[in-house]
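Number of protein chains: 2
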Amino acid sequence: MMLLMTDQNSLWQNHLLNSLSAANYERFFPHLELVRMSLGDVLYESGDEVRYAYFPTNCIVSLVYVMESGAPAEIAVVGDDGMIGVSLFMGGGTMPNRAVVRSAGYAYRLRASILMQEFNRFGGYRNGALHNLLLRYTQTLLTQIAQTAACNRHHFVDQQLCRWLLLSLDRLHSNELVTTQELIANMLGVRREGITEAAGKLQQAKLINCRRGHITVLDRQGLEARACECYQVIKTESDRLLPSLQSASLMTHIPLQKCGLVKKCELLSNRHDWMK
Amino acid sequence: MMLLMTDQNSLWQNHLLNSLSAANYERFFPHLELVRMSLGDVLYESGDEVRYAYFPTNCIVSLVYVMESGAPAEIAVVGDDGMIGVSLFMGGGTMPNRAVVRSAGYAYRLRASILMQEFNRFGGYRNGALHNLLLRYTQTLLTQIAQTAACNRHHFVDQQLCRWLLLSLDRLHSNELVTTQELIANMLGVRREGITEAAGKLQQAKLINCRRGHITVLDRQGLEARACECYQVIKTESDRLLPSLQSASLMTHIPLQKCGLVKKCELLSNRHDWMK
DNA sequence: GGCTTTATGTGCGCTACCGCACTGACGACA
DNA sequence: TGTCGTCAGTGCGGTAGCGCACATAAAGCC
Chain A
7 MMLLMTDQNS LWQNHLLNSL SAANYERFFP HLELVRMSLG DVLYESGDEV RYAYFPTNCI
67 VSLVYVMESG APAEIAVVGD DGMIGVSLFM GGGTMPNRAV VRSAGYAYRL RASILMQEFN
127 RFGGYRNGAL HNLLLRYTQT LLTQIAQTAA CNRHHFVDQQ LCRWLLLSLD RLHSNELVTT
187 QELIANMLGV RREGITEAAG KLQQAKLINC RRGHITVLDR QGLEARACEC YQVIKTESDR
247 LLPSLQSASL MTHIPLQKCG LVKKCELLSN RHDWMK
Chain B
7 MMLLMTDQNS LWQNHLLNSL SAANYERFFP HLELVRMSLG DVLYESGDEV RYAYFPTNCI
67 VSLVYVMESG APAEIAVVGD DGMIGVSLFM GGGTMPNRAV VRSAGYAYRL RASILMQEFN
127 RFGGYRNGAL HNLLLRYTQT LLTQIAQTAA CNRHHFVDQQ LCRWLLLSLD RLHSNELVTT
187 QELIANMLGV RREGITEAAG KLQQAKLINC RRGHITVLDR QGLEARACEC YQVIKTESDR
247 LLPSLQSASL MTHIPLQKCG LVKKCELLSN RHDWMK
């Protein structure tokens, strides 16, 4: 808990939660739990009833479709800009994909029922800020997935790697990713050796630096220049639909230690074979 | 107009409209226009403010992302099971892709303001049937797009062609598609010759029959067996979230000629170079 | 019926990426 | 400090799909 009271508070925020109205926020607050998310934790499995909505802070969660062959494919990536569990309010309750933690950290979570109640809250003609915010977020998710589809079809592995690194970078608070090349390969649905080669090129161009299990970004602009258009499309749409992400934060004004205890997220399973 | 009064009424329905409550339906009815949709009509361009929601009956509309290179990529396909213009109620107003008619026919359309008003209609705790219906539909769209992403990454052109044919077939009311191989190639984002080859194989296997600009499906089950898993995932999720699509229809009980006049859809432009 | 337009079929060299087998080496941990 | 598991790098043959250049033929159009 002490960690939470340091000046690193900015590391423990989620921009969707931040941009809630004070009223919404007050109602959520008592129900928010800060949970630890470890690499490989599965938040929901394909077809599982979603029990919690997760709002990542400094972790990254991937939505992954697992092919019948067992090969994974990353559909979208969620960080402190978003939430896991849109099927709760979209009405399906489940999704035909898996949500898995691919970069460890912390997230706030909320019981499904609490989120639903707030989403559907009375407001005369629907004007619920939360309702609109979550739908706008869902549209950015839609765009991200659509862009992934196009990107998978047309762009080279090098470009896709740049996109992937940039999307990850935007959701972390550091220029260092803790990831193996094999994990990246699984996310992009390509061969591990393909990533080795692409990363090698980027390293030669002094854009990144690779260590065993670590990738440090040296030249962000250079990466952007080398990435395919998809990164910018996703980013632009996200900035457009969720401008509040840059605005002042409520959460910094409410002592975080009032929030539910930090607990290890008790999940379905911690599958370290999740890429298989 | 006479066409509308024949016993072919079943051709002129949209399942989302059909599954509206009577009250919703009554309010929509005066505002529905039946419009003709020609091949290549663009319903909205990437970034355009959406002015109408379209509910296809016997036509097919593709959501297409056009790469900077000019190469198109189909993101999702919409027929009488869905609608065009989810960004209206999702809050974005625009989308970074294009909606284009890829199989001619008719659609009902509704001014954006009418749809919005109904979507946001007062209902105490949100219980609007339309609200929930459209969100569930949007989730199926999300699934379709996600599946496209995975499919683009992992499956062979042959399998993708089967998926594409099946998705088209489900949205038409005939076993004959009026399409060129070049159009299919553009939708799948592959080479025209690739489609020629794949279609050749399917023809040899007696699954389809190709004529100039026409593809007739001979053996639907055979196609399903040859398609990748993606088709079933999309179909299953759609059936789960929109079971009403199989239920009785209100529209058959309301004389269709009371509906707004059939008019040629005056659109942005009829771009026959839309694949370029 | 003859002409043009447009869709389809084919061949050929090329490239991005795959699958596999193997080497090397970093870094955690005893 | 030494050991060992895991991660990164390399080489090689194979292949799905690309880009291009044509030949062929079906449908539409005077």
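Chains as they are written, first to last, in our numbering: chain A, 7 to 282; chain B, 7 to 282.
We put the beta carbon where it would ideally sit given N, CA and C, even for glycine.
- Positions of the beta strand (DSSP E) runs, each at least 3 residues long and wholly inside the stretch 189-245 of chain B, are given as 214-217 and 220-223 in order along the chain.
- Contact annotation: ARG232 of chain A and GLN165 of chain A have beta-carbon atoms nearer than 8 Å.
- For GLU235 of chain A, the nearest beta carbon of chain B is closer than 8 Å to its own beta carbon.
- Annotation for MET43 of chain B: no alpha helix (DSSP H) segment contains it, though the beta strand (DSSP E) segment containing it runs 39-43.
- Closer than 8 Å to the CB of GLN187 of chain B there is not a single CB belonging to chain A.
- With respect to the C-alpha of TYR237 of chain A, the residue from A:LEU173, A:ARG217 and A:ILE190 having the closest C-alpha is A:LEU173.
- DSSP places ASP176 of chain B within a helical segment (H, G or I) once states are collapsed to three.
- Rounded to whole angstroms, the separation of the alpha carbons of LEU45 of chain A and ILE66 of chain A is 9 Å.
- In its chain, beyond the 5 residues on either side, LEU26, SER27 and ASN30 have a beta carbon closer than 8 Å to the beta carbon of ALA135 of chain B.
- Residue state for LEU26 of chain A is assigned as coil, using DSSP reduced to three classes.
- Nearest CB-CB separation between ALA155 of chain B and chain A: below the 8 Å threshold.
- Only those residues of the stretch 95-125 of chain A whose C-beta falls short of 9 Å from the nearest C-beta of chain B are listed: PHE95, MET96, GLY97, GLY98, THR100, MET101, PRO102, ASN103, GLN123 and PHE125.
- Contact between the stretch 33-48 of chain B and the stretch 98-118 of chain B is present: 3 or more CB-CB pairs across the two stretches fall below 8 Å.
- Cβ atoms of ALA59 of chain A and ILE81 of chain A stay farther apart than 8 Å, at about 18 Å.
- Of the residues assessed, SER93 of chain A falls on the buried side of the cut-off, its CB having 16 or more other CB atoms within 10 angstroms.
- Ranked by Cα distance from MET193 of chain A, the first of A:LEU208, A:GLU55 and A:VAL83 is A:VAL83.
- DSSP places PHE61 of chain A in the uninterrupted beta strand (DSSP E) bounded by 58-62.
- Between LEU247 of chain B and GLN145 of chain B, the gap from beta carbon to beta carbon is short of 8 Å.
- Under the Cβ distance rule, GLN166 of chain A does not count among the residues neighbouring chain B, no pair being separated by less than 8 Å.
- When CB distances to chain B are screened at a threshold of 9 Å, not a single residue of the stretch 50-67 of chain A falls below it.
- For the options A:VAL70, A:ARG159 and A:GLN19, the alpha carbon positioned closest to that of SER52 of chain A is the one of A:VAL70.
- Within 8 Å of the CB of ILE81 of chain A, the CB atoms of chain B belong to ALA152, ALA155 and ALA156, in sequence order along the chain.
- A:GLU55 is the residue among A:ALA191, A:GLU55 and A:SER244 whose C-alpha sits nearest the C-alpha of THR100 of chain A.
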